[in-house]
Structures are given as structure tokens and as C-alpha cells.
Amino acid sequence: MQKTWWKEAIVYQIYPRSFYDSNDDGIGDLPGIIEKLDHIQHLGVDVIWLGPVYDSPNDDNGYDIRDYYAIMQEFGTMADFDRLLAEVHQRGMKLIMDLVVNHSSDEHAWFVESRSSKTNDKRDFYIWKDSKDGHPPNNWPSFFGGNAWKYHPDTDQWYLHLFTEKQPDLNWENEALRNEVYQLMNWWLDKGIDGFRMDVISVISKRDFDDTPFEVFEETISNKYANGPRIEEFLTEMVEKTTSKYDVMTVGEGPGIDFDHALKYVDESKQRLNMIFHFDHMFMDHGPGGKFDPVPFDFIRFVEVFEQWDKLVEQGGWPAIFLGNHDFARIVSRFGNDQEYHEKSAKALAVLLLTLRGTTYIYQGDEIGMTNIKLPSILDYRDVETLNAYREVEGNGGDLRKFMEGVYAQGRDNARTPMQWSRAEHGGFSKTTPWLNSNPNHSRINVEDQEKDEESILHFYKKAVQLRKSNPTLVYGSFKVQEVAHKELFLYERKDEIENFLVAINFSSKKVSFQSQEKDYHLLMNNYPDLLTTDKVVHLRPWEACVFKEHQVEQSVI
Ligand code: TEU
Ligand code: CA
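Numbered per the working numbering, the sequence shown spans residues 136 to 693.
Shown next as C-alpha cells:
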């Protein structure tokens with residue numbers, strides 16, 4: 136296996152709209168990010184993943200791009216971007232951009248031309264089909280509710296939009312379109328960025344537009360939308376014409392992929408992507424009604440997912456380790472315990488993120504344990520996915536109270552509340568009312584307070600980052616789960632020819648004990664002030680997480 140910087144990197148994801156508002160218009164911006172670079176650098180991370188900052192009408196908060204060569208007015212100017220990139224590089228960090236090329240905005244010049252007439256030379260940049268007996272061309276659903284086709288009366292055809300109606304899918308079958316994409320990628324690469332996170336890259340190759348029998352939406356994504364017939368060809372061509380010419384990193388977003396498909400995207404022996412985000416641990420609590428109909432978290436399945444995906448390494452791939460991002464609930468609320476064990480479970484999740492094999496991705500705010508939020512009314516929600524789903528339930532006369540419970544647990548706005556910098560109004564994010572309410576708990580969960588508290592979640596993240604960076608075994612070492620079927624305990628070994636680590640995480644509010652093996656392990660770090668052992672038995676308290684190392688002479692022994 137090749138060793139390289141992007142395998143050793145720790146990535147920090149910024150959702151620009153919610154990071155820091157430097158000009159008090161209620162919206163985060165690029166100068167705001169520059170003002171807060173010390174915070175990111177002091178975490179010890181290596182790479183920043185910057186969410187979309189291109190010109191956009193914000194139907195899906197920037198994931199609907201109107202001009203790939205311009206910066207969104209609310210976020211600042213291209214000069215601001217250039218300054219941000221220079222500042223990031225000056226601090227020894229790298230910056231990757233969010234590349235959204237499965238679809239554009241319907242306000243993009245390409246689409247304005249494409250929809251103008253059936254004979255326009257850009258018509259085929261998008262996917263247009265005739266009605267079928269007066270109905271949409273087929274029964275495909277959009278990720279964001281309703282049918283995935285929108286009728287355009289002027290040309291009497293429908294266009295495909297797997298996401299919102301303002302996000303028409305680009306037609307990757309069209310070589311001229313693909314070359315336009317490669318050209319814009321090279322334009323940004325020539326500016327000196329260090330790579331891309333590629334939005335929904337798994338769905339760019341479309342299958343026949345026939346009717347699809349589907350039960351659960353997630354099956355549709357994998358059986359119909361993702362892993363299409365030309366995906367490898369498109370990725371190989373893209374990489375060959377763009378990123379292969381630079382020392383950059385690429386991570387695809389892969390809704391609908393599963394382990395067997397992964398090598399289509401990340402086989403190191405072929406020139407494709409470096410990594411791909413899968414969602415096996417992120418969709419597993421989606422109930423029969425989908426994301427907003429959650430079922431209880433299945434911890435054993437959670438462990439099995441990480442165990443399975445680690446095998447990617449033996450097959451020539453490299454895992455992308457994450458527990459949350461701008462599309463999912465806050466990790467301490469979803470996988471931890473944001474009530475009685477808020478601090479302990481936030482730290483336990485940091486241990487998991489930073490001791491697994493693969494590149495670690497930390498989402499803004501998780502480093503201080505930001506939590507989910509229950510906004511007062513649906514009118515306070517901003518996410519198009521939530522609002523569309525609410526209207527669908529309302530339209531069908533469904534149970535809105537039950538639906539809102541699903542939103543409180545799973546909605547994307549949970550992860551998009553403004554970054555909590557201080558106890559000040561709006562969490563110090565802005566001096567004016569932000570685009571999305573700040574979580575009132577910024578009074579007790581914020582950067583400023585945690586910077587002063589050596590025992591804070593923030594300081595724990597810094598220690599866990601340093602632990603990983605000073606122990607290459609935690610990056611490249613083997614990964615072996617010790618207790619596969621345990622209901623609460625995530626116990627695994629990380630080892631190579633030099634070092635041997637044992638990581639024990641109690642994923643519950645109960646006490647859990649385990650017998651350490653015959654080896655002499657010494658405690659390197661944990662999230663309690665001491666360690667409870669009797670002989671070789673370790674007694675973990677609720678959400679206790681420990682990292683042990685063999686042959687560490689000066690630490691306590693188990
Ligand atoms: O998300 C793709 C995706 O699969 C989402 O539908 C996500 O999994 C879902 O919201 C979970 O409920 C990417 C971006 O990350 C997301 O922010 C965009 O809305 C989407 O693509 C369209 O660009
Ligand atoms: Ca602003």
C-alpha cells in the first residue's frame with residue numbers, strides 16, 4: 136500500500152453559510168473563514184474541505200451552481216477566495232473545493248440555452264424526454280420529494296432533476312458537456328487548490344429511463360441511480376484530463392454505493408478517485424418511511440459496517456472516515472448522548488474518528504460537541520429537503536407531529552446552525568439575526584469557553600489529533616475488531632510491525648468491562664480522569680473511551 140499525504144491527512148469540513156459572518160448580514164462568508172483560520176489551524180488539521188462557494192441562487196444552499204467561475208455574492212469575491220487560499224497555504228494547510236457536477240442550477244447559462252429550444256446546441260447538456268401518455272417519462276422519485284422530472288411547456292418535454300427542480304441533471308453522455316466540466320476543474324486546479332470533494336459523483340452515469348419497481352427509496356438510489364454503466368469510464372476520463380496532472384486529493388460522495396461497488400471509484404491501481412464516502416452507517420437508521428422515519432440505532436451493525444469497509448485497504452482502496460457532515464444530524468446527538476453524557480460521548484466519538492484506518496473527516500462544530508436543535512416551527516427551517524418532505528406529508532394528510540420528530544432527529548438543519556464561537560448573541564456567529572437560528576445552547580457550548588478549559592471537548596480533539604499525527608500506526612496499521620457482537624463495546628486493535636494499540640469505546644450509558652489480553656497495554660489517553668481496573672479487567676464507565684499502547688513504559692499498566 137502506498138503511503139501519501141492525503142491518507143495521513145485530517146480534513147476539516149466547513150459549511151461556509153454557517154461558519155462566521157464577518158460583515159453582519161446574517162450569512163457566513165469567506166472573509167469570516169479567514170478570520171477564524173487560527174481556530175482550524177490550532178486543531179491540528181491538514182486539509183480544509185470548503186463547501187460550495189460558487190455563484191448560486193441557493194435553492195439548495197450552493198449545491199445549485201449558476202456560475203462555476205464566480206463566487207456567490209453573499210460569500211464575498213474571487214479576491215476573497217484567493218486570499219483565503221493563500222492564507223491556508225501560508226499556514227501549511229491545504230484546501231479542497233466541493234465540486235457539484237451531477238447537476239447545475241436551472242439559472243446556469245447552459246440550462247437557459249438548453250431549455251430555449253429543442254435544437255439549441257446545448258439542449259443535450261441536460262436530459263430531456265417526451266411525455267409518456269401525458270405523464271412524466273418514468274416513475275423515478277427525486278431525492279427531495281416528488282417526481283424526478285419537471286415539465287417544460289415551451290418545448291413540450293420534461294427534464295430530469297434527481298434533486299430539486301432548480302437542479303437539472305447534467306448529461307454526462309454528452310462529450311462537450313464533459314469537456315466543459317474538465318475545463319472548469321482545471322481552472323480551479325490551476326488556481327492552486329488541493330483537490331475536490333465530488334458531490335453525488337456516484338449518480339452521474341444514468342441507466343435507461345424505464346419505470347422502476349421500488350419499495351424503499353434508498354434501494355432506488357443504489358439499484359437505479361448510482362453505479363451506472365459508464366461510471367468507471369467517466370471517472371477515468373475525468374481524472375486523466377484533470378486531477379492526474381496535479382498533486383491533489385479527490386474524495387467522491389457516493390450515495391447508493393455499496394462495498395462491492397467501491398472499487399469502481401477508488402481502485403488505487405486504476406487512475407480514479409482517491410476515496411469515496413459511503414452511507415452504510417448513515418442510512419442504517421432510516422425506517423420504512425425513509426430518513427424522517429428513523430428506527431433505533433443498531434450498534435452491532437454499526438461496528439460491522441466499519442469492519443467491512445476497512446477491508447477496502449486490502450483491495451487497493453482507502454476509507455474515508457466520517458460520522459457527520461452538513462447533510463446529517465449532529466454526531467453527538469445521533470450516535471452519542473447529548474444529554475447526561477454530552478461531554479463524555481462527544482470525546483468518545485472523537486476517539487473513534489481519530490483511531491480508525493482511513494482519512495479522518497471532522498465536520499465544523501463537532502470539535503466542540505454542537506448538538507441537534509428543535510426549532511420552534513417549520514417556518515424556522517431552511518433545508519429544502521425538510522421543507523419539501525413537510526409539504527408532502529401535509530399534502531397527504533399525514534401525521535405532521537410524528538414527521539417533525541423525524542426532523543428533530545434527522546433533519547439537515549441540525550448540522551447547519553451557526554458555528555458557536557462564544558456566549559454572545561447568536562453564538563458570536565454574527566451581530567445580526569442569522570439566516571438560520573443559532574442553537575440557544577451556545578451559552579454553554581462554544582469555542583471561547585472551551586479554549587479556556589483544558590478538559591473541554593475542543594482540547595480533547597486537539598489531543599486526539601496529535602495522538603494520531605504522532606503515531607503512524609493509527610493511520611496505516613491494521614484494524615481488527617475484538618468484540619464483534621458486543622452490544623455496547625467497540626473494541627479494536629490497530630497494529631503494525633512497530634506498535635500495537637488497543638482502542639476501547641463504551642458506546643452506551645451502562646458500565647462495560649472487558650479483559651485485556653495477555654499483552655501489557657499502557658493507557659495513552661481516555662476521557663475520564665482515571666482508569667478503573669481489577670487485575671487485567673478494565674471497567675469502562677458510560678461513554679468511556681480509552682486508547683492503550685503496548686510497551687509504553689511510563690503509563691499505567693493493564
Ligand atoms: O448530498 C447527496 C445526498 O445523497 C443527499 O441527498 C444526502 O445524502 C441526503 O440529504 C441525506 O438525507 C449532496 C450534498 O451533500 C447535499 O447537501 C446536496 O443537497 C445534494 O448532494 C444535492 O447536491
Ligand atoms: Ca456575511
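Note that CB positions come from ideal geometry on N, CA and C, so glycine has one too.
With 5 Å as the limit, the residues whose C-beta approaches a heavy atom of ligand 2 more closely than that are Asp156, Asn158, Asp160, Ile162 and Asp164, in chain order.
If you ignore the 5 residues before and after Gly451, its C-beta comes within less than 6 Å of the C-beta of Asp402, Glu403 and Ser404, all in its own chain and listed in chain order. The straight-line gap separating the alpha-carbon atoms of Gly562 and Met136 is approximately 44 Å. In the structure shown, the three-state DSSP call for Val673 is strand. Beta-carbon to beta-carbon, Phe369 and Asn273 are separated by about 22 Å, too far to satisfy the 8 Å threshold. In the DSSP assignment, Asp233 is bridged to Arg332. Here Trp184 carries a strand assignment [DSSP, helix/strand/coil]. Less than 7 Å separates the beta-carbon of Gln148 from that of Tyr498. Beta-carbon to beta-carbon, Leu297 and Phe278 are separated by about 6 Å, close enough to satisfy the 8 Å threshold. DSSP places Tyr656 in the uninterrupted beta strand (DSSP E) bounded by Tyr656 to Asn661. Rounded to whole angstroms, the Cβ separation of Gly471 and Ala481 is 6 Å, and the two are in contact under 8 Å. At least one heavy atom of ligand 1 is found less than 6 Å from the C-beta of Glu520. At a cut-off of 4 residues, the continuous stretches assigned as alpha helix (DSSP H) that sit fully inside the stretch 190-277 are 213-225 and 244-249. Across the set Thr378, Met373 and Ser337, the C-alpha of Ser337 shows the shortest separation from the C-alpha of Asn358. Excluding its 5 nearest sequence neighbours in each direction, Phe642 has C-beta neighbours in its own chain below 6 Å: Phe434, Glu623 and Phe625, listed in chain order. Apart from sequence neighbours up to five positions away, the residues of its chain that approach Leu458 with a beta-carbon distance below 7 Å are Ile466, Phe470, Leu484 and Leu488, ordered along the chain. If you compare the alpha carbons of Phe414, Gln208 and Lys253 with that of Asp265, the shortest gap goes to Lys253.
About 41 Å separates the beta carbons of Arg250 and Leu172, which is beyond the 8 Å limit, so they are not a contact pair.
The stretch 381-390 and the stretch 315-335 touch, with three or more beta-carbon pairs separated by less than 8 Å. In the three-state reduction of the DSSP assignment, Met136 falls in the coil class, being assigned neither a helical nor a strand state.
Each residue's CA atom was taken as its position, placing Trp322 and Val610 some 32 Å apart. The three-state reading of DSSP puts Trp322 in helix, counting H, G and I together. Around the beta carbon of Gly532, fewer than 16 other beta carbons lie within 10 angstroms, which makes this residue exposed.
Where Asp428 is concerned, there is no enclosing alpha helix (DSSP H), although the beta strand (DSSP E) around it starts and stops at Gly425 to Pro429. According to the DSSP secondary-structure assignment, Ile456 is paired through a beta bridge with Thr495.
Contact between Leu295 and Ala311 fails: their C-beta atoms lie close to 18 Å from each other, not under 8 Å. Checking the 6 Å criterion, the Cβ of Tyr498 is out of range of every heavy atom belonging to ligand 1.
Under the DSSP definition of a beta bridge, His287 partners with Gln292. Gly167 counts as buried, since no fewer than 16 other beta carbons sit within 10 angstroms of its beta carbon. Counting other Cβ atoms within 10 Å of its Cβ, Lys326 stays below 16 and is therefore classed as exposed. If you check the C-beta of Tyr198 against ligand 1, you find a heavy atom less than 6 Å away. For Val247, same chain residues with a beta-carbon under 6 Å away, outside a window of 5 residues either side, do not exist.
In the structure shown, Glu315 adopts helical secondary structure according to DSSP, grouped into three states. If the five residues before and after Val223 are omitted, its C-beta is found closer than 8 Å to the C-beta atoms of Leu172, Ile183, Lys229 and Leu230, all from its own chain and listed in chain order.
Between Asn581 and the set Gly500, Ala550 and Leu571, the nearest pair of CA atoms involves Gly500.
Beta-bridge partners assigned by DSSP to Arg629: Phe614 and Phe636.
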